[in-house]
Amino acid sequence: MTTDLVLPGWLPPAQQATLRSLAERNAAAHGEDLLGIVLSGSAARDHATVHSDVDVIVVLTDEAAAGRSTSHSPDVDEAVDSWTELQTRAPFGTEDWWFRWSYAWAPVLLDRTGGALADAVRRQATLTPEEADAVLVDHDRLDGWLNFAYRALKNDRDGRPLETRLDAAESVPWLLDVVFAMAGRVRPYNKYLPWELRTHPVDGWPSDVVLDLVQRTLAGDVGAVRETYARVREACASYDAARGHTRTTDMVEGWGDELPLFEQRAG
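To convert a position in the sequence shown, counted from 1, into the working numbering, add 540.
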């Protein structure tokens, strides 16, 4: 079976040589049990620095993967996935959820499955409509964002600047889960947030707008919190219309008499 790799053009020659050697070594060790190789980490996204190594996921049959574990070297981190593991999408809130974004926009260097491996990689970093609903509503990420945003606004109203900043900052991870879940995507690791927003835009959330709101929110700017609320309300309406329900809008409306605090204007 072939071990010819499809390598991104941005990889330097030394890394390309390292990956070819890795592929040949795994092919020799596993034969037909080697199903594919996926590039991950900074190198996969043309985001590497002089300090970056190469992160690779070697996909093997279940039997072959049982005898392998992740290996580390100064140049390469070589993780191993079984075919079953790659096809299993961990639910939000479970230990393995954290790893799902490692497959986002990850180039498949070798696919011996006729495209099934590439499809499985794509599915890891995307959410079904039901998964998105679960993140937003069942796991309370939308309500959680509203809660921390509301606490920040109350603290500002009551003259507590440090407390305002703390709650505003704590709202940001919840907000990012909301933004990406509504787009049917797993939230990126913080390191890749600006990169993903700029290279793979989210409808309704322009990269410069999101990054500005995040930075101002982290600084305790309640104006940014209120601007974000207006965008979230609009996003909920669009999301619910596409899903054919009113679950996210109902969750926002459930705040009832507290909502005017989100809608106040400065001054």
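Built from N, CA and C at the ideal position, the CB exists for glycine as well. Computed from a predicted structure; not experimentally measured.
Three-way DSSP call (helix, strand, coil) for Ala-723 in this model: coil
Selection from Thr-739, Leu-716 and Arg-662 that minimises the alpha carbon distance to Tyr-729: Leu-716
Does Gly-807 pass the burial test, meaning 16 or more other C-beta atoms within 10 Å, or should it be called exposed? Interpretation of Gly-807 is limited by its pLDDT of 44, a score under 50 that renders its predicted location unreliable; no figure is taken from the coordinates.
Quick one: residues in its chain with C-beta nearer than 7 Å to the C-beta of Trp-795, no 5 flanking neighbours on either side, listed in chain order? Leu-686
Taking the straight line between their C-alpha atoms, what separation do you get for Asp-743 and Ala-723? 7 Å
When Pro-669, Arg-691, Gly-655 and Ser-711 are compared against Ala-721, the one with the closest alpha-carbon: Distances from the alpha-carbon of Ala-721 to those of Pro-669, Arg-691, Gly-655 and Ser-711 put Pro-669 closest.
Just to confirm, are Ser-622 and Ala-605 a CB contact at a threshold of 9 Å? yes
Between the beta-carbon of Leu-545 and the beta-carbon of Ala-563, is there less than 9 Å? Cβ distance < 9 Å, so Leu-545 and Ala-563 count as in contact.
Looking at Leu-551 and Leu-650, is the spacing between their C-beta atoms short of 9 Å? no
Can you name the start and end residues of the alpha helix (DSSP H) that Gly-763 belongs to? 762-783
Can you say whether Ser-711 is buried or exposed, counting buried as having 16 or more other CB atoms within 10 angstroms of its CB? buried
Neighbourhood of Arg-773 by C-beta distance below 7 Å, restricted to the same chain and skipping five residues each side: Val-792
With a Cβ-Cβ cutoff of 9 Å, do Thr-558 and Val-616 count as a contact? yes
At the level of alpha carbons, what is the spacing between Leu-799 and Arg-691? 12 Å
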